[in-house]
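Count the sequence shown with mature numbering (1 follows the signal peptide of the UniProt record, and there is no 0) and you get residues -27 to -1, 1 to 86, in order. We put the CB at the ideal spot given by N, CA and C, even for glycine. Note that this is a predicted model, so its numbers are computed, not measured. Here's the structure, in structure tokens; my notes come after.
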Amino acid sequence: MTYVSGRLAAAALTVLALGLSPFVASAEEDKLALGKEVFLERAQPQCALCHTLADAEAIGEVGPNLDELKPDADRVKTAVTNGIGPMPANEILTDEEIEAIALYVSTVAGKAE
């Protein structure tokens, strides 16, 4: 009986996981799209004014080239939240927007060529 119950539970979990995967992918795609929008438009000053990032078609010359730097999400969050060097600390972005831009930059940096 335990063997059958275990197999049924495994099958149910597989179906559940497969059924939810489009929603998970869609949520991440939405977050990436928000991150790109923040990078190009919402952040003040706009990230693209200073940073190069091929996916965003940004060719900034003041800040580091993000395609070369390839920062992880934590590094982006820290830089956006606290500022670094001439980059000012964020004063207008929400936590959701900061999470989104961190995901976006860490996902696309160095990938579009």
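Proximity of residue i and residue j at Cβ, strictly below 7 angstroms
i, j, result
"A82", "K50", "no"
"T25", "N38", "yes"
"V11", "E70", "yes"
"S79", "D45", "yes"
"L66", "G8", "no"
"A21", "A31", "yes"
"L13", "A29", "yes"
Any non-hydrogen atom of the ligand SAM closer than 6 angstroms to residue i Cβ
i, result
"Q17", "Among the ligands in the structure shown, none appear at all, so the ligand SAM cannot be discussed."
Beta-carbon contacts of residue i that lie in its chain and below 7 angstroms, excluding the five residues immediately before and after
i, result
"G36", "C23, H24 and M60"
"G56", "A62"
"L33", "As written in the sequence, residue 33 is Gly, which differs from the Leu given in the question. A21, L22, C23, H24 and T25, listed in sequence order."
Residue i classed as buried or exposed, judged by whether at least 16 other C-beta atoms fall within 10 angstroms
i, result
"E2", "exposed"
"A(-1)", "exposed"
"A62", "exposed"
"A(-3)", "exposed"
"E64", "exposed"
Residue i: first and last residue of the uninterrupted alpha helix (DSSP H) it sits in
i, result
"R48", "A46 to N55"
"D68", "D68 to V81"
"E41", "L39 to L42"
Contacts around residue i, its chain only, beta-carbon distance under 8 angstroms, and the 5 residues preceding and following it disregarded
i, result
"A(-16)", "Low per-residue confidence applies at A(-16): pLDDT is 49, beneath 50, and the placement is therefore not dependable, though the value from the model is reported in the following sentence. So no residue of the chain qualifies."
"A52", "P44 and M60"
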